[in-house]
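Quick notes on the structure that follows.
Here it is as structure tokens:
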């Protein structure tokens, strides 16, 4: 053994001995990089709760829900809707084998003597609600209508899930069979875009951090007579107390007559608020209470404008039928969504119909957005607002009739659906000087040219939680 080898062996022996002493003797401060045990953490527990309303539910009335103080966070607030039907229950027919069979309305078509079918309007999960409000104590935090949800979701989200989403809210293709089967829909699900619950990566609303405050959901329901449509476009259809016929495609026999219920024998809708509560560990609870939390969320501002016969009068002499409407909104806005509906379609309860009956299916020739009397968005035809913008910015195309002015990046390819939201390009309506919508109307079909325009400003608001209190940070 040479001098160098003996010296190296001595160093190695000393190092090994010190290392063994460190691992074996100093148990309070020593750590083994090869150990396989970890600190125990309590599992997050999920609980699904269905909250009944605090008052009786009926068409044309307002119902309220109290958000239960249960988990530490809640997410996926969803309205479960079970609508009553004018079809009688427990009806049977005799099949080709002379056996008595149960009638299933979801596999049949029901029509009257003139072969007209009746059902809840397409998208009844949206249009059942005339107004939806969320309150924190006595302060309204969010407000939107079912019509606004219909418009904003028609062009947002993934095209892959569009069919399922439409099925959950009773949106169909408009055929006679679909209208009939919507007369007895399955349980519908309308997920609400509440703050902290607008995307699955938001994490939910931290209810544990604001236990001293009460949150309520208030919903105004439309009248039943305003929610039923017919296949022949009747004005305020009346399917009550009529003799109708059921044709079951599985029966292979002649039609079966039934007597529909009268208006006052139809039950009340059953509506529950479903929320998913999450229970977290004590360390996370402490972080929710001690930390300053700020949550940006999408807040909708809905403007309703009306055009009457006087607005269309210049078209008779070949002049320009232009008009302006002042927009009411605050916060930085990522996009504007707008659509028009003819009063004659609203009287037929076709609330979903946002396209005109003229050749190009549009209600206007050109639209622009003015800020301080100058063009913020230039004057363009429906080709730009209704088609090109959605094809350039969105993954899902809404079809004819829905116009979009979009200033964020949109749902571009490469992002994961459902697409996360964050403030990108915006137009600040809190500081905008006289935001005005300029519209050039075009000739529309029918003698009743009264139209309604709904303009929804999709803005970014900010909600903050500090010292166990929550409030709106901007434009409070």
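In full-length UniProt numbering, the protein residues as written are 1 to 476. By construction, the Cβ of each residue, glycine as well, lies at the ideal position given by its N, Cα and C atoms.
Would you call the region 295-303 and the region 264-277 in contact, with 3 or more CB pairs under 8 Å? no
8 Å contact criterion, which residue 194 and residue 125 should meet: CB distance rounded: Not really, about 17 Å apart at Cβ, beyond 8 Å.
Can you say whether residue 114 is buried or exposed, counting buried as having 16 or more other CB atoms within 10 angstroms of its CB? exposed
Quick one: what does DSSP say residue 68 is sitting in, helix, strand or coil? coil
Three-way DSSP call (helix, strand, coil) for residue 285 in this model: helix
With 16 other Cβ atoms within 10 Å as the buried cut-off, status of residue 288: buried
Assuming contact is defined by CB atoms lying nearer than 9 Å, are residue 338 and residue 151 in contact in what I supplied? yes
When 109, 58, 90 are compared against residue 101, the one with the closest alpha-carbon: 90
Would a check of beta-carbon distances place residue 347 closer than 9 Å to chain D? Absent from the structure is chain D; it holds one protein chain and no more.
CB-CB under 8 Å to residue 155, same chain, minus the five flanking residues each way: which ones, in chain order? 337, 390, 394, 396, 397, 398, 402, 404
Top-ranked residue by Cα proximity to residue 427, from 461, 452, 99, 439: 461
Neighbourhood of residue 457 by C-beta, 6 Å cutoff - its chain only, sequence neighbours within 5 removed: 301, 329, 333, 336
Can you give me the C-alpha to C-alpha distance between residue 224 and residue 409, rounded to a whole angstrom? 40 Å
How many angstroms separate the CA atom of residue 77 from the CA atom of residue 117? 34 Å
C-beta contact flag for residue 106 and residue 56 at 9 Å: no
Kindly identify the DSSP beta-bridge partner or partners of residue 333. 427, 459
So, helix, strand or coil for residue 293, using DSSP? strand
Under 8 Å, with one C-beta from each stretch per pair, do the region 195-215 and the region 223-241 reach the 3-pair mark? no
When the distance is taken between beta carbons, is residue 256 closer than 9 Å to residue 93? yes
Of the residues 363, 291, 441, 259, which one's Cα is nearest the Cα of residue 319? 441
Cβ shell of residue 315 (< 8 Å), same chain only, five flanking positions each side left out: 321, 441, 442, 443
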